[in-house]
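K.L.:
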Amino acid sequence: MKPQTKQKIAFTCLGLAAVVVIIPVIVIFVILIDKGISAINWQFLSTMPRMGMRAGGIYPAIMGTVYLVSGTILVALPLGVLAAIYLVEYAKRNWWTRMIEIAIVNLAGVPSVVYGLFGMGFFVIFFKFGASILAGSLTLAIMILPVIITASKEALMSVPHSFREASLALGVSKWQTIRCVVLPNALPGILTGTILGISRAAGETAPILFTVAAFYLPRLPKSIFDQCMALPYHLYVLSTQVPNVKESLQYGTALVLVGMIFLLNLVAIIIRSHMRSKKQW
Amino acid sequence: MSRSDNTVKKFFEKIIEKIILLNGFACILFVILIFFFLAKDGLALFKVSSPIQFFFGLLWNPLAEPPQYGIVPLLLGSIMVTLGAIAISVPLGLACAIFIGEIAPRWMREILKAGVELLAAIPSIVIGFIGMTMLAPFVKNLFGLPTGLTALTGSIALAFMAIPTIVSIMEDAITAVPRTYKEGSLALGATHWQTIYRVTIPAASSGIVASIMLGIGRVIGETMAVMMITGNASVIPHSFLQPVRTMTATIAAEMGETVIGSDHYFALFAVGLVLFAITFVINFFADMALHQQKK
Numbered sequence: 005m006k007p008q009t010k011q012k013i014a015f016t017c018l019g020l021a022a023v024v025v026i027i028p029v030i031v032i033f034v035i036l037i038d039k040g041i042s043a044i045n046w047q048f049l050s051t052m053p054r055m056g057m058r059a060g061g062i063y064p065a066i067m068g069t070v071y072l073v074s075g076t077i078l079v080a081l082p083l084g085v086l087a088a089i090y091l092v093e094y095a096k097r098n099w100w101t102r103m104i105e106i107a108i109v110n111l112a113g114v115p116s117v118v119y120g121l122f123g124m125g126f127f128v129i130f131f132k133f134g135a136s137i138l139a140g141s142l143t144l145a146i147m148i149l150p151v152i153i154t155a156s157k158e159a160l161m162s163v164p165h166s167f168r169e170a171s172l173a174l175g176v177s178k179w180q181t182i183r184c185v186v187l188p189n190a191l192p193g194i195l196t197g198t199i200l201g202i203s204r205a206a207g208e209t210a211p212i213l214f215t216v217a218a219f220y221l222p223r224l225p226k227s228i229f230d231q232c233m234a235l236p237y238h239l240y241v242l243s244t245q246v247p248n249v250k251e252s253l254q255y256g257t258a259l260v261l262v263g264m265i266f267l268l269n270l271v272a273i274i275i276r277s278h279m280r281s282k283k284q285w
Numbered sequence: 030m031s032r033s034d035n036t037v038k039k040f041f042e043k044i045i046e047k048i049i050l051l052n053g054f055a056c057i058l059f060v061i062l063i064f065f066f067l068a069k070d071g072l073a074l075f076k077v078s079s080p081i082q083f084f085f086g087l088l089w090n091p092l093a094e095p096p097q098y099g100i101v102p103l104l105l106g107s108i109m110v111t112l113g114a115i116a117i118s119v120p121l122g123l124a125c126a127i128f129i130g131e132i133a134p135r136w137m138r139e140i141l142k143a144g145v146e147l148l149a150a151i152p153s154i155v156i157g158f159i160g161m162t163m164l165a166p167f168v169k170n171l172f173g174l175p176t177g178l179t180a181l182t183g184s185i186a187l188a189f190m191a192i193p194t195i196v197s198i199m200e201d202a203i204t205a206v207p208r209t210y211k212e213g214s215l216a217l218g219a220t221h222w223q224t225i226y227r228v229t230i231p232a233a234s235s236g237i238v239a240s241i242m243l244g245i246g247r248v249i250g251e252t253m254a255v256m257m258i259t260g261n262a263s264v265i266p267h268s269f270l271q272p273v274r275t276m277t278a279t280i281a282a283e284m285g286e287t288v289i290g291s292d293h294y295f296a297l298f299a300v301g302l303v304l305f306a307i308t309f310v311i312n313f314f315a316d317m318a319l320h321q322q323k324k
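Going down the list, the protein sequences come from chains A and B. Residue 160 in the working numbering sits at position 156 of the first sequence, with consecutive numbering throughout. Residue 282 in the working numbering sits at position 253 of the second sequence, with consecutive numbering throughout.
(1) Would the stretch 226 to 234 of chain A count as touching the stretch 165 to 180 of chain A if we require 3 or more Cβ pairs under 8 Å?
(2) Listed in chain order, which residues of the stretch 281 to 307 of chain B have Cβ atoms closer than 8 Å to some Cβ of chain A?
(3) Taking 8 Å as the CB-CB limit, is Cys184(A) close to chain B?
(4) Among Phe131(A), Gln254(A), Ala87(A), Thr154(A), which residue has its Cα nearest to the Cα of Pro53(A)?
(5) Along the stretch 177 to 210 of chain B, where does the CB come closer than 7 Å to a CB of chain A? Name the residues.
(6) Could you pull out every residue in the same chain whose Cβ sits closer than 6 Å to the Cβ of Met284(B), ignoring the five residues on either side in sequence?
(7) Please report the distance separating the alpha-carbon of Ala14(A) from that of Met242(B).
(8) Answer with yes or no whether the minimum CB distance from Val246(A) to chain B is below 8 Å.
(9) Excluding five sequence neighbours on each side, which residues of the same chain lie with their C-beta closer than 8 Å to the C-beta of Leu191(A)?
(10) Mind reading off the beta-carbon distance from Ile106(A) to Asp70(B)? Whole number of angstroms is fine, and I expect it under 8 Å.
(11) Along chain B, in chain order, which residues have C-beta atoms closer than 7 Å to that of Ile265(A)?
(12) Bridge partners of Arg54(A), per DSSP?
(13) Between Leu239(A) and Phe189(B), how many whole angstroms is the CB-CB distance? I'm expecting something under 8 Å.
(14) For my contact list, Gly183(B) and Val119(B) are in at a C-beta cut-off of 8 Å; report their separation, rounded to the angstrom.
(15) Any beta carbon of chain B sitting closer than 8 Å to that of Lys302(A)?
(16) Output, in chain order, the set of chain A residues within a Cβ distance shorter than 8 Å of Leu112(B).
(17) With a cut-off of 8 Å, does the C-beta of Met30(B) fall near any C-beta of chain A?
(18) Step through the CB atoms of chain B and report whether any lies within less than 8 Å of the CB of Cys232(A).
(19) Can you pull out the residues from the stretch 112 to 128 of chain A whose beta carbon lies closer than 7 Å to at least one beta carbon of chain B?
(20) So, with DSSP's three-state summary, where would you put Gln180(A)?
(21) Ignoring anything shorter than 4 residues or poking outside the stretch 224 to 256 of chain A, list the alpha helix (DSSP H) runs there in chain order.
(22) What does a CB cutoff of less than 7 Å around Ile199(A) pick up in its chain, not counting 5 residues either side in sequence?
(23) Which of the three DSSP states is assigned to Ile151(B) in this structure?
(24) Would the beta-carbon of Leu103(B) fall within 8 Å of that of Thr275(B)?
(25) Let's see if you can read the secondary structure: which residues bound the alpha helix (DSSP H) around Ser291(B)?
(26) Take the Cβ of Lys157(A) as the centre, count every other Cβ of all protein chains shown within 10 Å, and call the residue buried at 16 or more, exposed below.
(27) Going along the chain, which unbroken runs of the alpha helix (DSSP H) with 4 or more residues stay wholly within the stretch 164 to 220 of chain B?
(28) Going by DSSP in three states, Tyr220(A) sits in which element: helix, strand or coil?
(29) Pull up the CB-CB distance for Ala287(A) and Gly75(A), whole angstroms please, since I reckon it's below 8 Å.
(30) Mind listing the chain B neighbours of Phe48(A)? Cutoff is C-beta to C-beta under 9 Å, in chain order.
(31) Please classify Asn312(B): does DSSP put it in a helix, a strand, or coil?
(32) Give a yes or no on whether 8 Å exceeds the smallest Cβ distance from Ile49(B) to chain A.
(33) Quick one: residues in its chain with C-beta nearer than 8 Å to the C-beta of Glu131(B), no 5 flanking neighbours on either side, listed in chain order?
(34) Per DSSP, what are the beta-bridge partners of Asn90(B) in this structure?
(35) Taking buried to mean at least 16 other C-beta atoms within 10 Å of its own C-beta, is Ser50(A) buried or exposed?
(36) Three-state secondary structure (DSSP) at Gly175(A)?
Given below as structure tokens:
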């Protein structure tokens, strides 16, 4: 066979593989929208579930996820950004820094259910927070820390060295340089990474199973020591734990969850492309 | 600016630097804490059950009298689902990464990359839900099985969850191969395809290996989708068309029903410790491979 013919066959196969990867994504979205859209209306989004979750809305689950995500971001953002500042601006190239990097890689690889176990053992039982928004947010925060650190590191490293040198040459201290010169320039990158981290936290179920999620709680949580419902766990409950739930209710919940995550991702993409077009260097 | 003002500033600056330093170390602290808290409760199992019974026990049945906490069926379940998922996702992912990195025109590349990112963004619970309602009946009818919730169904769903990880790291590795390598090969008269599989792929091999390992790590730790799709029968699996139960699903499904401090509770933490150890080793070596690639 001629090499050119071989190449044609090979490239066709590779292209087909790419199609096989992309088609399920489209199919999943089409199915979700097709079967879920009929359930979605203002009442579905804004009322409490009724009749053992077989009717009514998913308001407490949506709000629970919003609370959890807000708590997560309050903890993970400062922690992650400061850790990234340490790694990029202060750390020397030695085995200690390498250890931190290995720790980050491993945190990124810890299975989500193991985070759930850890959160239960550490926050719920050891710190006696009980199953609460606090324990759940802290667990999720540690889980998304690697995402935020990695994105922030890249954003900080992409700020040109000459910016720092110019500031330092003016007699400005190192921390002031970081705060007033480096961070503002790295901000869009940090935001993008943070939003992607949140969208991960919003969709996770396993870490919140034993740390916060309430099976059925038709009211809003009163404090951060309260349990709450959450969208991903609610979908799990509707699809496996409660018999005879209307299909549209399940697909509607899935669609709201995916829609929320999709919106977050869209915001991240917009910030990223905006940042690229504005970049002067 | 007065002198004392300056000293205050220097002092402030020192404090800030210390805080930043602490945050850098926090990651190491978290890894140690996770290990410690898993080990604390996990190793407590061995007061009532010997390690041999745990690591070589062929039966996992906490409700039996006496309860059986043998990890073998769960471990085999995890390995089986993972092998299946990797067998599907690695060839597909590699082909997709080569297509995106080397062949596709620019506009198609952007669409494909966005599609892969979108796939990564779908939560595992949604994949599990779709797998349960759409994929499982399909597998059931295709093979004429009593149930569609099998290891194969789980493998297919997990393959698509591993593909984004695999594709993005492989594509990075492929595009990082120096241009001069490819140009040298093309100048010798090799076709584009010959260059890809004789030059580019071997040069990117350590990145490709790393992507496969990270894919394995992703799949073996996946919980919700697996729990909903694989059928959760804790028996030693014999075929891909049977229900299996993984380590992750066992923890997620049983933890809610255990009493804190009971043997069953400790046994689940012991399973968690095993999972943590497995993913730790996988990620450690994947990072080594990636580091090598950079050099």
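All residues carry an ideal CB built from backbone N, CA and C; glycine is no exception. As the structure is a prediction and not an experimental result, all values here were calculated from the model.
P.N.:
Let me lay it out:
(1) In short, these stretches do not touch, since the Cβ pair count stays below three.
(2) Under the 8 Å Cβ criterion, the stretch 281 to 307 of chain B contributes Ala281, Met284, Gly285, Ile289, Leu297, Phe298, Gly301, Leu304, Phe305.
(3) Numbered from its first residue, the first sequence carries residue 184(A) at position 180. Answer no: the Cβ-Cβ gap between Cys184(A) and chain B never drops below 8 Å.
(4) In the first sequence, the residue the question calls residue 53(A) occupies position 49. Ranked by Cα distance from Pro53(A), the first of Phe131(A), Gln254(A), Ala87(A), Thr154(A) is Gln254(A).
(5) Phe189, Ile192
(6) Counted from its first residue, the second sequence places residue 284(B) at position 255. Only Leu297 meet the Cβ criterion.
(7) Along the first sequence, one-based indexing puts residue 14(A) at 10. Along the second sequence, one-based indexing puts residue 242(B) at 213. Taking the straight line from one Cα to the other gives about 26 Å.
(8) Reading the first sequence from its first residue, position 242 is the one you call residue 246(A). Chain B contact via Cβ: absent.
(9) The sequence position of residue 191(A) within the first sequence is 187, counting from 1. Closer than 8 Å at Cβ, skipping near neighbours: Ala159.
(10) Counting from one through the first sequence, the residue named residue 106(A) turns up at place 102. Counting from one through the second sequence, the residue named residue 70(B) turns up at place 41. Not quite, the Cβ-Cβ distance comes to about 25 Å (not below 8 Å), so this is no contact.
(11) What you label residue 265(A) is simply residue 261 of the first sequence in a count that begins at 1. Chain B residues near Ile265(A): Ala150, Pro152.
(12) For the purposes of this step, residue 54(A) is identified with residue 50 of the first sequence, where counting begins at 1. Answer is Ala59(A), bridged to Arg54(A).
(13) By 1-based counting over the first sequence, the position of residue 239(A) is 235. By 1-based counting over the second sequence, the position of residue 189(B) is 160. Going by Cβ atoms, the distance from Leu239(A) to Phe189(B) rounds to 18 Å, so no, they are not a contact pair.
(14) The residue labelled residue 183(B) in the question sits at position 154 within the second sequence. The residue labelled residue 119(B) in the question sits at position 90 within the second sequence. The Cβ separation is near 17 Å, so there is no contact.
(15) No answer is possible for residue 302(A): it lies beyond the span of chain A, which begins at 5 and ends at 285.
(16) As a first step, residue 112(B) must be located in the second sequence, where it is residue number 83. Those do not exist, as Leu112(B) stays about 17 Å from chain A at its closest Cβ, beyond 8 Å.
(17) The residue given as residue 30(B) occupies position 1 in the second sequence. Confidence is the limiting factor: at Met30(B) the pLDDT is only 48, short of 50, which leaves the residue's position unreliable, though a coordinate-based value still follows. Cβ-Cβ to chain A under 8 Å: no for Met30(B).
(18) Working through the first sequence from its first residue, we reach residue 232(A) at position 228. Not an interface residue.
(19) Gly113, Val114, Pro115, Ser116, Val117, Val118, Leu121, Phe122, Gly125, Phe126
(20) Position 176 of the first sequence holds residue 180(A). Reduced to three states, the DSSP call for Gln180(A) is helix.
(21) 235 to 240
(22) Here residue 199(A) is taken as the residue at index 195 of the first sequence, counted from 1. Hits under 7 Å: Leu268, Val271, Ala272.
(23) Residue numbering aside, residue 151(B) sits at position 122 when the second sequence is read from its first letter. Coil at Ile151(B), not helix or strand.
(24) The residue given as residue 103(B) occupies position 74 in the second sequence. The residue given as residue 275(B) occupies position 246 in the second sequence. Against a cut-off of 8 Å, the Cβ pair of Thr275(B) and Leu103(B) comes out as a contact.
(25) As a first step, residue 291(B) is located in the second sequence; it is residue number 262 there, counting from the start. It is not in any alpha helix (DSSP H) - Ser291(B) carries neither H nor E in the DSSP assignment.
(26) The count along the first sequence starts at 1 and reaches residue 157(A) at position 153. By the neighbour-count rule (16 or more Cβ atoms within 10 Å), Lys157(A) is buried.
(27) Considered as a whole, the stretch 164 to 220 of chain B harbours 165 to 172, 180 to 204, 208 to 216 as its complete alpha helix (DSSP H) runs of no fewer than 4 residues, in chain order.
(28) For the purposes of this step, residue 220(A) is taken as residue 216 along the first sequence, with counting starting at 1. Coil.
(29) Since the displayed chain A opens at 5 and closes at 285, residue 287(A) lies outside it and no answer follows.
(30) One-based indexing of the first sequence puts residue 48(A) at position 44. Those do not exist, as Phe48(A) stays about 17 Å from chain B at its closest Cβ, beyond 9 Å.
(31) Position 283 of the second sequence, counted from the first residue, corresponds to residue 312(B). In this structure, Asn312(B) counts as helix in the three-state DSSP scheme.
(32) Your numbering for residue 49(B) matches position 20 in the second sequence. Interface annotation, Ile49(B): in contact with chain A, CB-CB separation under 8 Å.
(33) Along the second sequence, read from residue 1 onward, the residue named residue 131(B) stands at position 102. These residues qualify, in order along the chain: Ile203, His221, Ile225, Thr229.
(34) Residue 90(B) sits at position 61 when you count from the first residue of the second sequence. Gln97(B), per the DSSP bridge assignment.
(35) Walking along the first sequence from the start, residue 50(A) turns up at place 46. Looking at its Cβ environment, which holds fewer than 16 other Cβ atoms inside 10 Å, Ser50(A) is exposed.
(36) Residue mapping note: residue 175(A) aligns to position 171 of the first sequence, counting from 1. If DSSP states are grouped into helix, strand and coil, Gly175(A) belongs with coil.
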